[in-house]
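Residue numbers (the numbering used here), protein chains in the order written: chain A, 5 to 120; chain B, 289 to 401.
Glycine included, C-beta positions come from ideal geometry on N, C-alpha and C.
Quick notes on the structure that follows.
See the structure below:
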């Protein structure tokens with residue numbers, strides 16, 4: 005069965021410092037991993053995805069994510085945080101196992117707070 | 289503008305009074321899905337649809353119904369709402385394929401008293 009874990013409810017970072025938001029996953033087939041961001045009173049917005057290929061994926065707003073197959077992780081990163089990055093971040097997974105490919109599993113979310 | 293539109297955005301109602309939340313997308317997407325968002329639980333999939341007249345249960349389908357008579361519309365129906373269905377609901381759509389990201393509506397906040 006698919007599952008996603010975001011072990012941190014909240015991450016606090018000073019502006020200008022690097023940030024990492026953690027995500028680990030479990031799938032029965034090959035993983036397809038996504039990061040989304042949610043601003044107040046809005047729906048989720050797609051940031052980036054991993055399919056196959058390079059383990060470092062670049063996305064919107066300067067974010068990137070590193071896929072690590074051995075650790076089953078897909079951590080979101082940014083070299084220099086901005087106050088405007090403060091939001092709720094969700095990791096999501098699908099897999100290509102035919103019995104579960106249509107389902108999408110989201111993590112519980114991590115609130116990122118960037119202090120000036 | 290490409291978008292997913294949900295209505296209403298906010299609704300307060302009472303236990304047992306049937307309600308429908310509409311969802312419409314203008315991107316000609318085959319795949320549509322409903323989620324509920326609860327604090328500490330993230331988003332949980334309620335129902336999804338691979339195409340017209342093709343729907344299936346997600347992880348938390350109890351108490352909900354859906355229909356997909358047209359490609360663009362995917363309404364969520366609560367036949368007899370209960371307080372435990374108080375939540376923030378999102379509709380999303382995408383093209384087919386496990387590697388396709390979802391496009392989300394802005395959400396519907398339901399309060400069932």
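Chain-ordered neighbours of residue 47 of chain A on chain B, where CB pairs are closer than 8 Å:
Within 8 Å Cβ-Cβ: 292, 378, 380, 392, 393, 394, 395.
Looking at the unbroken beta strand (DSSP E) that takes in residue 394 of chain B, where does it start and where does it end?
In the DSSP assignment, residue 394 of chain B falls outside any beta strand (DSSP E), carrying neither H nor E.
Straight-line CA distance for residue 91 of chain A to residue 355 of chain B?
Their backbone Cα atoms lie some 33 Å apart in a straight line.
Are the CB atoms of residue 22 of chain A and residue 120 of chain A nearer to each other than 8 Å?
Taking 8 Å as the cut-off, the beta carbon of residue 22 of chain A is found no closer than this to the beta carbon of residue 120 of chain A.
Close beta carbons around residue 24 of chain A, own chain, < 8 Å, minus the five adjacent residues each side
Same-chain partners within the cutoff: 15, 79, 80, 81.
Selected residue, minimal CA-CA separation from residue 49 of chain A, among A/13, A/57, A/64:
For the residues A/13, A/57, A/64, the minimum Cα distance to residue 49 of chain A belongs to A/64.
Pull out every residue of the stretch 5-38 of chain A whose Cβ sits closer than 7 Å to any Cβ of chain B, in chain order.
Of all residues in the stretch 5-38 of chain A, 36, 38 have a Cβ within less than 7 Å of some Cβ in chain B.
Own chain residues within Cβ distance below 8 Å of residue 307 of chain B, not counting five before or after
So the list reads 299, 301, 365, 366, 369, 398, once near-sequence residues are dropped.
Alpha carbons only, please: which of B/383, B/374, B/400 is nearest the one belonging to residue 277 of chain B?
Here chain B comprises residues numbered 289 to 401, so residue 277 of chain B is not present and cannot be evaluated.
Output the distance between the C-alpha atoms of residue 38 of chain A and residue 52 of chain A, rounded to the nearest integer angstrom.
Approximately 6 Å between the Cα atoms of the pair.
Considering only C-alpha positions, which residue in the set A/73, A/42, A/41, A/46 is nearest to residue 55 of chain A?
The option with the nearest alpha carbon to residue 55 of chain A is A/73.
In chain order, what residues of the stretch 337-357 of chain B put their CB closer than 8 Å to some CB of chain A?
Residues 338, 344, 346, 347.
Suppose contacts are defined by Cβ-Cβ distances below 8 Å. Is residue 359 of chain B in contact with residue 340 of chain B by that definition?
Yes, they are a contact pair.
Unbroken stretches of the beta strand (DSSP E), 3 residues or longer, contained in the stretch 22-62 of chain A:
For the stretch 22-62 of chain A, whole beta strand (DSSP E) runs of length 3 or above, ordered along the chain, are 23-25, 28-30, 35-42, 48-54, 60-62.
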